[in-house]
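Participant: Can you read through this structure? Questions will come right after.
In the working numbering, the protein residues as written are 28 to 461.
So this is what it looks like as structure tokens:
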């Protein structure tokens with residue numbers, strides 16, 4: 028990876044793209060330090076100390092801690108991600124959008140992008156309103172989370188959050204067009220990485236205070252290293268189905284007769300199953316965070332059973348990840364459509380007739396590889412939960428979100444390196460090709 032960046036830096040055009048990307052990331056990080064007016068930041072930070080392993084903690088992690096500080100970029104890229112997922116799902120449910128995606132060409136993609144932008148603004152307004160209600164309806168030790176409340180203050184706070192999410196969307200598009208890699212992914216990467224120094228500092232403070240032993244710290248670091256190796260291996264892994272194209276004569280020339288393969292990523296749904304499973308699994312603790320915590324009785328026992336460090340939570344979390352992994356693989360990979368395309372182009376899988384037998388074989392292979400990828404995601408996501416359940420220090424530090432962070436960071440890093448390598452290939456960089 029370092030060699031790739033070193034070689035890319037030697038090329039003037041790529042060096043400008045890298046510097047532009049870093050400049051946009053710097054602007055984003057500066058925006059994360061600008062607070063929204065009328066918010067009591069000290070009281071808000073106190074409120075978020077108990078939200079590490081809830082859905083609010085997940086939002087805070089993906090925003091680089093700006094969500095807990097109520098900055099202008101507090102909503103981060105969540106409205107854009109939600110809008111993209113909703114439009115993607117609607118293209119399957121609404122035939123007009125599906126035709127626009129498949130048959131609209133470049134104009135169709137521009138219209139879908141425009142719809143996604145407007146949807147981002149709408150979702151930003153809704154999330155901004157929800158955040159304002161959170162600020163208005165909660166207090167810490169009798170101290171309100173708002174310094175001033177009223178209609179004007181509500182309008183300013185909500186519109187500031189919405190404008191911040193729209194600005195982040197624009198910054199991401201600038202990176203995609205003039206920088207390196209996917210802009211939204213780069214911004215998400217920067218948000219998560221910005222939390223690493225404070226996380227390491229908190230970890231070593233716990234060691235120095237005796238909350239975590241030296242052997243425990245070593246085991247934790249070795250486990251994190253093993254998880255990183257596993258994620259890199261599975262992210263690059265794919266199942267290759269051999270495909271043969273029959274020979275055909277067109278005029279006086281013969282075409283076809285080539286052997287290739289149909290790649291199927293082991294983890295084709297990325298980190299989305301974990302994010303959605305986490306949002307649903309932490310729904311009860313998140314709702315409970317808005318009310319006074321019961322000390323005894325039925326509700327106290329119920330919250331303990333459904334808490335983020337309970338065995339029931341880990342089991343439900345694991346099963347939800349498997350469900351969403353299958354759900355997204357079904358959306359992204361259509362065996363019948365692929366089999367029909369192979370048949371139209373004269374391709375076939377050796378040992379299987381074109382048409383239904385081919386689609387059944389692809390579906391069977393997809394089910395097997397999706398199961399493996401889902402179990403992998405479940406292990407990566409649930410392992411930090413188990414660690415948090417065994418250690419009070421780990422539970423209070425929000426380590427249950429560690430698997431999600433590592434998958435996103437590694438995935439974006441590998442994607443950016445591949446983008447740089449493809450740019451160097453396009454420019455016929457001799458040192459890289461050798």
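We put the CB at the ideal spot given by N, CA and C, even for glycine.
(1) Rounded to whole angstroms, what is the Cα-Cα separation between residue 179 and residue 331?
(2) Does the Cβ-Cβ distance between residue 182 and residue 156 come in under 7 Å?
(3) Could you check what DSSP says for residue 476 in three-state terms: helix, strand or coil?
(4) In the DSSP output, what is residue 375 paired with across the bridge?
(5) So residue 202 and residue 210 are supposed to be a Cβ contact under 8 Å. How far apart are they, rounded?
(6) In chain order, what residues of the same chain lie with their CB nearer than 7 Å to the CB of residue 352, ignoring the 5 residues before and after it?
(7) Only counting runs of 3 or more residues, tell me where the beta strand (DSSP E) segments fall wholly within the segment 175-222, in order along the chain.
(8) What residues are listed by DSSP as bridge partners for residue 134?
(9) Rounded to a whole number of angstroms, what is the C-alpha to C-alpha distance between residue 329 and residue 310?
(10) Do you know whose CA, among 196, 268, 273, lies nearest residue 292's CA?
(11) Are the beta-carbon atoms belonging to residue 67 and residue 91 less than 7 Å from one another?
(12) Given that a residue counts as buried once 16 or more other Cβ atoms are within 10 Å of its Cβ, and exposed if not, what is residue 359?
(13) Tell me the DSSP secondary structure of residue 380 in three-state form.
(14) Which residue spans inside the segment 101-131 form an unbroken alpha helix (DSSP H) run of at least 4?
(15) With C-beta atoms as the reference, is residue 439 less than 7 Å away from residue 221?
(16) Quick one: what's got a C-beta closer than 8 Å to residue 219's C-beta in the same chain, skipping five residues either side?
(17) Which residue from 216, 308, 414, 391 puts its Cα closest to that of residue 442?
(18) Determine the DSSP secondary structure at residue 362, reduced to helix, strand or coil.
(19) Kindly indicate which three-state DSSP category residue 295 falls into: helix, strand or coil?
(20) If you count every other CB in all the chains shown that lies within 10 Å of the CB of residue 451, and 16 or more means buried, which is it?
(21) Would residue 254 be called buried (16 or more neighbouring beta carbons within 10 Å of its own) or exposed?
(22) Report the partner residues of residue 266 according to the DSSP bridge assignment.
(23) Starting from the C-beta of residue 52, find all residues in its chain whose C-beta is less than 6 Å away, skip the five residues before and the five after it, and write them out in chain order.
(24) Looking at C-alpha atoms only, which residue of 262, 304, 355 is the closest neighbour of residue 408?
(25) Count the other CB atoms, across all protein chains shown, that sit within 10 Å of the CB of residue 500; report buried if there are 16 or more and exposed otherwise.
(26) Where does residue 225 land, buried or exposed, given buried means 16+ other C-beta within 10 angstroms?
(27) DSSP beta-bridge partners for residue 62?
(28) Does the Cβ-Cβ distance between residue 48 and residue 206 come in under 7 Å?
(29) Mapping DSSP to helix, strand and coil, what is residue 172?
(30) Residue 187 and residue 108 look like a contact to me (Cβ under 8 Å); what is the Cβ gap, rounded to whole Å?
(31) Using 8 Å for Cβ pairs, my map puts residue 128 next to residue 118. What's the rounded Cβ distance?
(32) Report buried or exposed for residue 356, applying the criterion of at least 16 other Cβ atoms within 10 angstroms of its Cβ.
(33) With DSSP collapsed to three states, give me the class of residue 30.
(34) Please classify residue 374: is it buried, with 16 or more other beta-carbons within 10 angstroms of its beta-carbon, or exposed?
(35) Any idea what DSSP makes of residue 286, helix, strand or coil?
(36) Would you kindly check if the distance between the Cβ of residue 386 and the Cβ of residue 412 is under 7 Å?
Facilitator: According to the data block:
(1) 40 Å
(2) no
(3) What the structure shows of the chain is the stretch from 28 to 461, and residue 476 is not part of that stretch, so it cannot be assessed.
(4) 271
(5) 3 Å
(6) 296, 300, 397, 400, 401, 404
(7) Taken in chain order, the segment 175-222 contains no complete beta strand (DSSP E) segment of 3 residues or longer.
(8) Paired residue(s): none; residue 134 is not in a bridge.
(9) The alpha-carbon separation between residue 329 and residue 310 amounts to approximately 13 Å.
(10) 268
(11) no
(12) exposed
(13) coil
(14) Within the segment 101-131, the complete alpha helix (DSSP H) segments of 4 residues or longer fall at 105-120, 122-130, listed in chain order.
(15) no
(16) Excluding five sequence positions before and after residue 219, the CB atoms of its chain that fall closer than 8 Å to its own CB belong to 88, 89, 91, 432, 435, 436, given in chain order.
(17) Ranking 216, 308, 414, 391 by CA distance to the CA of residue 442 puts 216 first.
(18) helix
(19) coil
(20) Label assigned to residue 451: buried.
(21) Here residue 254 is buried. Its C-beta has 16 or more other C-beta atoms within 10 Å.
(22) 291
(23) 217
(24) Minimum Cα distance to residue 408 is reached at 304.
(25) Coverage of the chain is limited to positions 28 through 461, which leaves residue 500 absent and any answer about it impossible.
(26) exposed
(27) Assignment of beta-bridge partners to residue 62 by DSSP yields 98.
(28) yes
(29) In the structure shown, residue 172 falls within a coil segment according to DSSP collapsed to helix, strand and coil.
(30) With a Cβ gap of about 20 Å, residue 187 and residue 108 do not count as contacting.
(31) 5 Å
(32) buried
(33) helix
(34) buried
(35) Three-state DSSP puts residue 286 in a strand.
(36) no
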